[in-house]
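Numbering (this note's numbering), first residue to last: 1 to 334.
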């Protein structure tokens with residue numbers, strides 16, 4: 001059995017590496033939070049103080065929404081045996097946004113797939129294809145519709161578990177970007193795992209250049225985007241997976257089947273001013289598959305880049321003048 005856990009980290013580091021500097025004093029800080037490597041690079045005389053505030057915020061958010069830290073609010077909710085749990089306003093907000101996005105995507109993004117993640121173990125040494133009976137048992141605990149959220153009071157069926165990792169880093173990126181703005185920082189690159197947020201422009205009138213990870217060679221990029229003041233989030237089957245009997249099983253689950261998503265897509269990149277939404281959309285679009293995902297983007301005005309299994313690349317209209325294909329291994333679909 002072949003196992004691989006590249007994680008979103010490598011993609012994020014790659015994208016950050018091709019971002020050009022902007023000529024001001026640069027402060028860059030690496031740190032680890034939310035089970036991934038992170039970096040904030042900011043420009044300006046007060047950059048270090050602003051970054052310190054951002055790191056403190058992320059650590060506090062993780063303390064609230066981690067499903068593995070036994071003193072977190074989410075851990076308490078997941079182990080409450082169906083009883084209501086009072087959450088902080090922030091944790092309730094993250095959960096509320098996750099439920100909203102689950103409904104909007106008709107469950108293709110679903111924050112209650114933790115029982116499936118635990119069962120399959122993708123990204124761990126225990127990764128395996130479970131018996132169908134085990135999958136069915138875990139699947140019976142999945143379903144965002146059964147999560148009850150009333151203000152800051154939340155409950156879920158006994159045995160069900162929520163994982164907010166699908167939007168947690170996006171939520172953090174949005175708030176970190178605002179903290180930097182409030183501190184007077186006009187130019188920054190926020191790298192939180194696979195979530196990139198570029199603040200402002202590289203310099204007046206010049207956008208940042210961001211590399212999009214090559215699914216076949218995750219240490220490189222196959223295309224670039226020229227963007228300003230926005231978030232770029234990518235999900236794909238190359239991030240965490242294992243292979244058994246010649247078949248690849250990735251970490252993105254189809255909440256309707258209980259199996260890793262079987263799709264005609266290798267990766268999806270979403271560009272949005274809201275990183276929280278982009279985080280959820282990349283997962284949902286990957287699960288949907290190309291035709292449905294493209295229609296969903298048109299209906300909801302989402303800007304995205306799709307890499308299909310046949311190496312063709314489709315770019316939504318709003319990104320076409322910002323997109324450059326740099327690898328001859330891929331074909332751009334007009």
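Even glycine gets a Cβ: it sits at the ideal position worked out from N, Cα and C.
Classification of residue i by the beta-carbon crowding that lies within 10 angstroms, buried from 16 upward
i, result
"residue 237", "buried"
"residue 251", "buried"
"residue 244", "exposed"
"residue 231", "buried"
"residue 298", "exposed"
"residue 31", "exposed"
"residue 41", "buried"
"residue 324", "exposed"
"residue 332", "exposed"
"residue 280", "buried"
"residue 313", "buried"
"residue 309", "exposed"
"residue 334", "exposed"
"residue 217", "exposed"
"residue 272", "buried"
"residue 257", "exposed"
"residue 133", "exposed"
"residue 187", "buried"
"residue 240", "buried"
"residue 160", "buried"
"residue 68", "exposed"
For residue i, three-class secondary structure by DSSP
i, result
"residue 54", "helix"
"residue 165", "helix"
"residue 340", "This structure gives no information on residue 340, because the portion of the chain shown stretches from 1 to 334."
"residue 318", "helix"
"residue 148", "strand"
"residue 176", "helix"
"residue 15", "At residue 15, the pLDDT of 40 sits below 50, so the modelled position is not reliable and the matter cannot be decided from this model."
"residue 298", "helix"
"residue 262", "coil"
"residue 313", "strand"
"residue 93", "helix"
"residue 26", "strand"
"residue 135", "helix"
"residue 20", "Any reading at residue 20 must be qualified, since the residue scores a pLDDT of 46, below 50, and its modelled position is unreliable; no value is offered."
"residue 287", "helix"
"residue 60", "helix"
"residue 277", "helix"
"residue 81", "coil"
"residue 67", "coil"
"residue 72", "coil"
"residue 9", "Summary for residue 9: the model assigns pLDDT 38, below 50, so the residue's position carries little reliability; its value from the coordinates is reported in the next sentence. In the structure shown, residue 9 sits in a helix (DSSP, three-state: H, G or I)."
"residue 119", "helix"
"residue 106", "coil"
"residue 48", "helix"
"residue 229", "coil"
"residue 141", "coil"
Residue i - partner residues in DSSP beta bridges
i, result
"residue 269", "234 and 305"
"residue 250", "241"
"residue 31", "38"
"residue 324", "224"
"residue 153", "86 and 150"
"residue 188", "42 and 199"
"residue 332", "313"
"residue 213", "221"
Residue i and residue j closer than 8 Å at C-beta
i, j, result
"residue 248", "residue 307", "no"
"residue 77", "residue 167", "no"
"residue 199", "residue 54", "no"
"residue 29", "residue 51", "yes"
"residue 158", "residue 81", "yes"
"residue 337", "residue 235", "This structure cannot settle anything about residue 337, because the visible part of the chain is limited to 1 through 334."
"residue 255", "residue 110", "yes"
"residue 147", "residue 139", "no"
"residue 112", "residue 143", "yes"
"residue 295", "residue 285", "no"
"residue 154", "residue 215", "no"
Near the ligand NAD: residue i beta-carbon under 7 Å from a heavy atom
i, result
"residue 154", "Judged by which ligands are present, the structure shown has none, so any question about the ligand NAD falls away."
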